[in-house]
Amino acid sequence: MSQLKLTAQLRRFLITGVSATLIDSTVYSLMLYLGMDFSPAKACGFIAAVAFAYNGHRRWTFSTHGSRKRIAGFAGLYVTTFVINNVTNTLMLELYGKENKLDIAIAFVVATGITAIVNFTMMKFFIFRPKKPIPVQE
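So in numbering that gives the first Met the number 0, spot 10 of the sequence shown is number 9, and the numbers just go up one at a time.
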């Protein structure tokens, strides 16, 4: 794999991830504005963001075809990294404090960074890896 391809994939991964986060925030805010309670509003934002992220990463970041297996793998990955993100954030806050905005921001950045690394690695090498060609018998 060329370095250029990896660099392009990382750039596309970040753009898609930031876009998904903006979708999450926008849908969440809109649902709150329309009078929905916090938890259902957050669920709507999260679902919209995950749907966007799956399609964005599948089509643009990694340029692969969709399948039920990929959807299931992606959903499983997002559930797993959701837990990793929350546990990491909680541990950082417990270990280093939550008394000021800087402590909270550092915990958020560390948790998000770890999650992004896990997501990219799992998507690239497992969920969206190209199918291996079938060897031709001679």
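Even for Gly, the Cβ is constructed at its ideal location relative to N, Cα and C.
Residue range of the alpha helix (DSSP H) that includes residue i
i	result
Pro129	Per DSSP, Pro129 belongs to no alpha helix (DSSP H) and is neither H nor E.
Phe73	67-95
Phe61	Segment: none, Phe61 is in no alpha helix (DSSP H) and carries neither H nor E.
Chain C within 8 Å of residue i, Cβ atoms only
i	result
Gly44	In summary, chain C is missing from the structure at hand, where a single protein chain is found.
Proximity below 8 Å, CB of residue i to CB of residue j
i	j	result
Ala106	Met121	no
Phe51	Ile22	yes
Gly44	Met35	no
Phe73	Tyr53	yes
Thr80	Thr114	yes
Ile83	Val117	yes
Phe119	Phe37	no
Lys123	Gln8	yes
As assigned by DSSP and simplified to three states, the class of residue i
i	result
Asp36	coil
Asn99	coil
Own chain residues within Cβ distance below 7 Å of residue i, not counting five before or after
i	result
Val86	none
Lys41	Tyr27
Proximal residues to residue i (C-beta, below 8 Å), its chain only, five neighbours per side dropped
i	result
Ala48	Ala19, Thr20, Ile22, Asp23, Val26
Phe127	His56, Arg57, Thr60, Phe61, Thr63, Arg69
Pro39	Met30
Beta-carbon contacts of residue i that lie in its chain and below 6 Å, excluding the five residues immediately before and after
i	result
Gly65	Arg57
Asn88	Ala106, Ala110
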